[in-house]
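There are 2 protein chains.
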Amino acid sequence: MAKAVTFYFDFGSPTSYLAWTQLPRIAEETGATIDWRPVLLGGIFKATGNRSPVEIPAKGAYMLRDMQRFAARYGVPFTMNPHFPVNTLTLMRAAVGVQLRHPERFLRFIEAVYKALWVEAKDIGDPAVAAGVIRSAGLDPGEVMALTNHPEIKEKLRAETDAAVGRGLFGAPTMFVGDEMFWGQDRLDFVRDALKDAA
Amino acid sequence: MAKAVTFYFDFGSPTSYLAWTQLPRIAEETGATIDWRPVLLGGIFKATGNRSPVEIPAKGAYMLRDMQRFAARYGVPFTMNPHFPVNTLTLMRAAVGVQLRHPERFLRFIEAVYKALWVEAKDIGDPAVAAGVIRSAGLDPGEVMALTNHPEIKEKLRAETDAAVGRGLFGAPTMFVGDEMFWGQDRLDFVRDALKDAA
Numbered sequence: 470m471a472k473a474v475t476f477y478f479d480f481g482s483p484t485s486y487l488a489w490t491q492l493p494r495i496a497e498e499t500g501a502t503i504d505w506r507p508v509l510l511g512g513i514f515k516a517t518g519n520r521s522p523v524e525i526p527a528k529g530a531y532m533l534r535d536m537q538r539f540a541a542r543y544g545v546p547f548t549m550n551p552h553f554p555v556n557t558l559t560l561m562r563a564a565v566g567v568q569l570r571h572p573e574r575f576l577r578f579i580e581a582v583y584k585a586l587w588v589e590a591k592d593i594g595d596p597a598v599a600a601g602v603i604r605s606a607g608l609d610p611g612e613v614m615a616l617t618n619h620p621e622i623k624e625k626l627r628a629e630t631d632a633a634v635g636r637g638l639f640g641a642p643t644m645f646v647g648d649e650m651f652w653g654q655d656r657l658d659f660v661r662d663a664l665k666d667a668a
Numbered sequence: 470m471a472k473a474v475t476f477y478f479d480f481g482s483p484t485s486y487l488a489w490t491q492l493p494r495i496a497e498e499t500g501a502t503i504d505w506r507p508v509l510l511g512g513i514f515k516a517t518g519n520r521s522p523v524e525i526p527a528k529g530a531y532m533l534r535d536m537q538r539f540a541a542r543y544g545v546p547f548t549m550n551p552h553f554p555v556n557t558l559t560l561m562r563a564a565v566g567v568q569l570r571h572p573e574r575f576l577r578f579i580e581a582v583y584k585a586l587w588v589e590a591k592d593i594g595d596p597a598v599a600a601g602v603i604r605s606a607g608l609d610p611g612e613v614m615a616l617t618n619h620p621e622i623k624e625k626l627r628a629e630t631d632a633a634v635g636r637g638l639f640g641a642p643t644m645f646v647g648d649e650m651f652w653g654q655d656r657l658d659f660v661r662d663a664l665k666d667a668a
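These protein sequence lines are chains A and B, in that order.
Using my numbering, read the first sequence as starting at 470 and increasing by one per residue.
Using my numbering, read the second sequence as starting at 470 and increasing by one per residue.
This is the structure we're talking about:
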């Protein structure tokens, strides 16, 4: 069995964006595959009682500075989205749908959404903006939006989110290497070490 | 003016203990002094609406594993205190009192309390245990306990805690290099970089 890192993410989490900018390189360096798991962070918060750091104003202000520092360290662009917090229910259902029905376009879709949200700071809640982002990933917006209303897709996102909570998740991004859980883009160095040590 | 790092800490915070194990070496390496600021974390939580991570059970379980990983990385002992959460009001008043009246024993006092709590996992709420810890720092337990009831000492801890909140603190440990704030023992590498860059 090849070594793997499981990546639980929600597009609405800017720290998940930062992790996404780094994880493919870490996986490549360590010869690992990435097991991508779209989950609904709002559902995880509801199930665990955890809250977004921005609900504490002082913490929200600090987090912004902290994310800017990491973006500078990583050498990646980062723009705080003025439409934050983003309701990601439809987006995460879309991710599940694209992963199931168009797996060959899944990584392009992730990239298109993350860049729209955290580089271009777009208002992805605007249907025209969302359609443009989906189209830029080589997908048909009408078809992807229809997928987000499909009972199987809705249920899969719900089941993945519940399973994540059952595994101990309380926030995003969360990574697993084997049974070892790592929370936060600031734990990627531990993820790298765990992947290096993995058989 | 010599370069300095301001260290806001509460004895009851295990991540503040971890930061304390590393900060003197970082200060030495970068030629900086440490400006020690005892504050009451409970007061900071109350003022900002922030909460201890352990109030979310899944987060508390993860934090323990996370702190063990950092202790291993730092090569320092760490034992979760079974009496956690610790009411640190008297201890933090004692820190303020010792810092004012016995500055030459202040660092020994910090070391004695941190080791009692996070290495030996003692029940420091037990007056006999507290007296032993104070004595081990070369201080008189009766005198230090009397200091904790002194209005000037009580007011100084309150004022320092309020000032910390005014400066943006929402948790501990928190460090400042100039006006740049860093929260968490996991940001010590950024503190080191800031000290290296400081004039």
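Each residue gets a CB set at the ideal place from its N, CA and C atoms; glycine is no exception.
Taking only runs that begin and end inside the segment 538-582 of chain A, name each unbroken alpha helix (DSSP H) of 4 or more residues, in chain order.
Whole alpha helix (DSSP H) segments, 4+ residues: 558-570.
Within 8 Å of any Cβ in chain B, is that where the Cβ of A:Met536 sits?
Sequence index remark: in the first sequence, residue 536 of chain A carries index 67 (1-based). So no, A:Met536 is outside the interface.
Does chain A have any CB closer than 8 Å to the CB of B:Phe659?
Mapped onto the second sequence, residue 659 of chain B falls at position 190. Interface residue, yes.
Would A:Thr517 count as contacting chain B if we go by Cβ distances under 8 Å?
Numbered from its first residue, the first sequence carries residue 517 of chain A at position 48. A:Thr517 counts as touching chain B.
I'd like the list of long-range same chain contacts for B:Trp587, defined as Cβ closer than 7 Å, with 5 residues on each side in sequence excluded.
As a first step, residue 587 of chain B must be located in the second sequence, where it is residue number 118. Once the five neighbours on either side are set aside, the close Cβ partners of B:Trp587 are Pro483, Tyr486, Phe547, Thr548, Asn550.
Along the alpha helix (DSSP H) that carries A:Glu524, what are the first and last residues, could you check?
One-based indexing of the first sequence puts residue 524 of chain A at position 55. Where A:Glu524 is concerned, there is no enclosing alpha helix (DSSP H), given that its DSSP letter is neither H nor E.
Pick from B:Gly481, B:Thr502, B:Ala471, B:Glu498: whose alpha carbon is nearest that of B:Met644?
Taking the first residue of the second sequence as position 1, residue 644 of chain B is located at position 175. Out of B:Gly481, B:Thr502, B:Ala471, B:Glu498, B:Thr502 has the C-alpha closest to the C-alpha of B:Met644.
Please list, in chain order, all residues of the same chain as A:Val634 whose beta carbon is under 7 Å from its beta carbon, the five residues on each side excluded.
Taking the first sequence and counting its residues from 1, the one referred to as residue 634 of chain A is at position 165. Only Ile513, Ala516, Thr517 meet the Cβ criterion.
What residue from B:Gln654, B:Phe639, B:Phe651, B:Ala667 has the CA that sits closest to A:Ala527's CA?
In the first sequence, residue 527 of chain A corresponds to position 58, counting from 1. Nearest option by C-alpha distance: B:Phe639.
Whose C-alpha, out of B:Gly647, B:Arg562, B:Gly607, B:Val508, is nearest the C-alpha of B:Ala667?
Translated into the one-based positions of the second sequence, residue 667 of chain B becomes position 198. Closest by alpha carbon: B:Gly647.
Any idea what DSSP makes of A:Glu497, helix, strand or coil?
Walking along the first sequence from the start, residue 497 of chain A turns up at place 28. DSSP places A:Glu497 in helix when its eight states are reduced to three.
Does the pairing of the segment 553-561 of chain A with the segment 474-481 of chain A give three or more beta-carbon distances under 8 Å?
With a cut-off of 8 Å, the segment 474-481 of chain A and the segment 553-561 of chain A count as touching, because enough Cβ pairs lie within range.
Using the C-alpha atoms, what's the distance from A:Val474 back to A:Pro507?
As a position in the first sequence, residue 507 of chain A is number 38, starting the count at 1. As a position in the first sequence, residue 474 of chain A is number 5, starting the count at 1. Each residue's Cα considered, the two are about 14 Å apart.
Where does A:Glu589 fall in DSSP's three states?
Taking the first residue of the first sequence as 1, we reach residue 589 of chain A at position 120. If DSSP states are grouped into helix, strand and coil, A:Glu589 belongs with coil.
Based on the DSSP output, what are the partners of B:Met444 in its beta bridges?
There is simply no residue 444 of chain B to check, as chain B begins at 470 and stops at 668 in what is shown.
Smallest Cα separation from B:Val567: which of B:Ile579, B:Thr557, B:Tyr543?
Counting from one through the second sequence, the residue named residue 567 of chain B turns up at place 98. Looking at the Cα atoms, B:Ile579 is the closest of the given residues.
For A:Trp489, I'd like the list of residues in its chain whose CB is within less than 6 Å of its CB, leaving aside the five on either flank, ordered along the chain.
Stepping through the first sequence from its first residue, residue 489 of chain A is reached at position 20. Cβ neighbours of A:Trp489 beyond the five flanking positions: Tyr583.
Indicate the three-state DSSP secondary structure (helix, strand or coil) for B:Thr502 in the structure shown.
Counted from its first residue, the second sequence places residue 502 of chain B at position 33. The answer is strand: DSSP assigns B:Thr502 an E or B state.
Looking at A:Val565: is its Cβ nearer than 8 Å to the Cβ of A:Gly594?
Mapped onto the first sequence, residue 565 of chain A falls at position 96. Mapped onto the first sequence, residue 594 of chain A falls at position 125. The answer is no: Cβ separation not under 8 Å.
Could you pull the start and end residues of the alpha helix (DSSP H) that B:Phe514 belongs to?
The count along the second sequence starts at 1 and reaches residue 514 of chain B at position 45. Looking at the DSSP string, the run of the alpha helix (DSSP H) that includes B:Phe514 is 510-517.
Mind checking B:Asp504: buried by the 16 CB within 10 Å criterion, or exposed?
By 1-based counting over the second sequence, the position of residue 504 of chain B is 35. By the neighbour-count rule (16 or more Cβ atoms within 10 Å), B:Asp504 is not buried but exposed.
Looking only at its chain, what residues have a beta carbon closer than 6 Å to the beta carbon of A:Met532, apart from the 5 residues adjacent to it on each side?
As a position in the first sequence, residue 532 of chain A is number 63, starting the count at 1. Correct list, in chain order: Pro522.
With a threshold of 8 Å on Cβ separation, who are the neighbours of A:Glu649 within its own chain once the five nearest residues in sequence on each side are excluded?
Sequence index remark: in the first sequence, residue 649 of chain A carries index 180 (1-based). The answer, listed in chain order, is Ala663.
Which stretch, first to last residue, makes up the alpha helix (DSSP H) that contains A:Gly481?
For the purposes of this step, residue 481 of chain A is taken as residue 12 along the first sequence, with counting starting at 1. Note, A:Gly481: premise wrong, no alpha helix (DSSP H); not H, not E.
Can the beta-carbon of A:Asp655 be found less than 8 Å from the beta-carbon of A:Phe539?
As a first step, residue 655 of chain A is located in the first sequence; it is residue number 186 there, counting from the start. As a first step, residue 539 of chain A is located in the first sequence; it is residue number 70 there, counting from the start. Yes.
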